[in-house]
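So the sequence shown is numbered by our numbering: it starts at 135 and just counts up by one. Have a look at the structure below before the remarks.
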Amino acid sequence: MSFEALWRELLPIGRHPETGGYRRFTYTPAELECREWFRRTAQARDLAVETDRNGNLWAWWGEPAPGSVVTGSHLDSVPDGGAYDGPLGVVSGFAAIDLLRERGFTPRRSIAVVAFAEEEGGRFGVACLGSRLLCGEISPDRARALTDPSGVTLAEAMASAGLDPERIGRDDTLLSRIGSYVELHIEQGRAQADLDAPIAVGTGIWPHGRWRLEFTGEANHAGTTRLDDRRDPMLTYANTVLAARKKARLAGALATVGRVVCEPNGTNAVPSRVLAWLDARAPSDEVLDRVVEEIERASAERAQRDGTGFVMRQESYSPAVQFDPALTDRIVRVLGGVPTLGTGAGHDAGVLAGHVPAAMLFVRNPTGVSHAPAEHATMADCAAGVNALATVLEALAQ
């Protein structure tokens, strides 16, 4: 089956009719439907399907064994995300196997397509959760206790999906099977568009993290409380957003506050509490640490002036990643000298890179937009991605 036919099968699942964006949150009906699509697609190709104890899906061409070549990505989305971030890599993995079979190729090393769980952190707040659990980079107890905005824990969500949350944690057996991991992903920027390059190879990932910010004050009447008498956490929050932008710009970093919850959330009420989440990224761990410290200090100083409370807590952190140089160089040679790119976006490949040889392929995104409905890749570039991935898998598995 062609890439385009596979893509059309997956495309409608979880798409919101009003926004055009995707809401495929882990272990919700839309994401579970994507998982069922994965199983059907694998079984139609006589690939052995398994769900590991951390909720990640695997489809094996050949017997799982040490030295296997793995590709894939994820199926979950951010709120109202684009169609390509994650699913492109999974669909391309299956399409690449189809292409290799058309070429008459028989792998000497087994090949697997994987779909990692909760890569975006869109439901439980920790990015790359499935790959972090696989690699032992988050404790099972902490993971089980993670909650979604409705208060449902990861343990409860896994159980409702038929999985045993007591079994989650580092899986040395699975890790030992991965001889190399190559993740294909849409570029989340426009560097390739500027280079007129449909395919590029990733060199590394900026360090990045997420922090939960809590601002507390005193609820009161908007029409009767004098400004000087207010303890308004919204003021402290607003100053933090501006401080984050300023500190990041001066350091050549990135800082974003894209999620906020206000209580009691009344039009005519002074808030009692504001919760917000900071996403920060930088070219180095040192720069990122400095920027986050400066944001925290500026927020604490403003809270003191506003008479409000402020607490900042790290929810996740991924240090700088360099993809395996030997594997990356080999892929560049196999593909005939395509461009190489670094990225500020996190990926499961970045987590696995600390444990197995890992690399990334990028497909051009002409809009440069990601995590939004305008994210896009042409069918011609997607086909080029499948061809490149098949060429790489063939070189690694023979």
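Heads up, the beta-carbon is just placed ideally off N, CA and C, and yes, glycines get one too.
Item	Value
Contact the region 259–278 vs the region 224–240: 3+ CB pairs below 8 Å	no
Beta-carbon proximity check, Ile320 vs Pro274, cutoff 8 Å	no
Local Cβ density within 10 Å of Gly155, reported as buried at 16 or more and exposed below that	buried
Supposed contact pair Tyr371 and Ala492 - C-beta distance, whole angstroms, cut 8 Å	With a Cβ gap of about 38 Å, Ala492 and Tyr371 do not count as contacting.
Stretch-stretch touch, CB-based, cutoff 8 Å, three pairs: the region 172–185 with the region 515–527	no
Test: Leu523 CB closer than 8 Å to a CB of chain D	Included in the structure is just one protein chain, with no chain D present.
Residue burial classification, Thr442 (beta-carbon count within 10 angstroms, cutoff 16)	buried
Range covered by the beta strand (DSSP E) that runs through Asp515	Note, Asp515: premise wrong, no beta strand (DSSP E); alpha helix (DSSP H) at 513–531.
Other residues of its chain near Glu397: CB distance less than 7 Å, five sequence neighbours each side excluded	Pro405, Ser406, Arg407
Helix, strand or coil at Ala251 according to DSSP, with G and I counted as helix	coil
Closest Cα partner of Glu165 within the set Arg179, Glu252, Asp419, Val421	Glu252
Cα-Cα separation, Gly223 to Leu308	20 Å
Span of the alpha helix (DSSP H) around Trp171	163–178
Beta carbon of Gly502 nearer than 8 Å to that of Gly323	yes
Residue closest to Tyr451, alpha-carbon to alpha-carbon, out of Asp330, His342, Asp328	His342
Start and end residues, beta strand (DSSP E) containing Phe349	342–350
Strand pairing of Gln326, partner residues [DSSP]	None; Gln326 has no bridge partner.
Assumed close pair Val426, Ala385 - CB separation to whole angstroms, cut-off 8 Å	Wrong, their Cβ atoms sit about 10 Å apart, outside the cutoff.
Pro367 versus Asn354: straight-line alpha-carbon distance, rounded	12 Å
Helix, strand or coil at Arg187 according to DSSP, with G and I counted as helix	coil
Ile339, DSSP secondary structure in three states	strand
Contacting residues, own chain, Cβ-Cβ under 6 Å from Ala434 (five flanking each side not counted)	Phe444
Touching by the beta-carbon criterion (3+ pairs, under 8 Å), the region 181–198 and the region 287–307	yes
Pairwise C-alpha distance: Asn402 and Thr358	10 Å
Trp340 beta carbon less than 8 Å from that of Ala416	yes
Contacting residues, own chain, Cβ-Cβ under 6 Å from Trp192 (five flanking each side not counted)	Glu184, Ala246, Val248
Where Ala493 falls: helix, strand or coil (DSSP)	strand
DSSP state of Thr281 mapped onto helix, strand, coil	strand
Neighbourhood of Ala508 by C-beta, 6 Å cutoff - its chain only, sequence neighbours within 5 removed	Thr501
Cα-Cα separation between Pro332 and Asp440, rounded to whole angstroms	51 Å
Reference Leu495; option with closest CA among His510, Glu348, Val520	Val520
Residue span of the beta strand (DSSP E) that contains Tyr371, given as start and end	Careful: Tyr371 lies outside any beta strand (DSSP E), inside the alpha helix (DSSP H) at 367–385.
Boundaries of the beta strand (DSSP E) in which Thr477 is found, first to last residue	474–477
Under 8 Å between C-beta atoms of Asp210 and Glu317	no
Own chain partners of Lys381 with C-beta closer than 6 Å, once the 5 adjacent residues on each side are dropped	Val425, Glu428, Ile429
Coil, strand or helix - Gly502 by DSSP	coil
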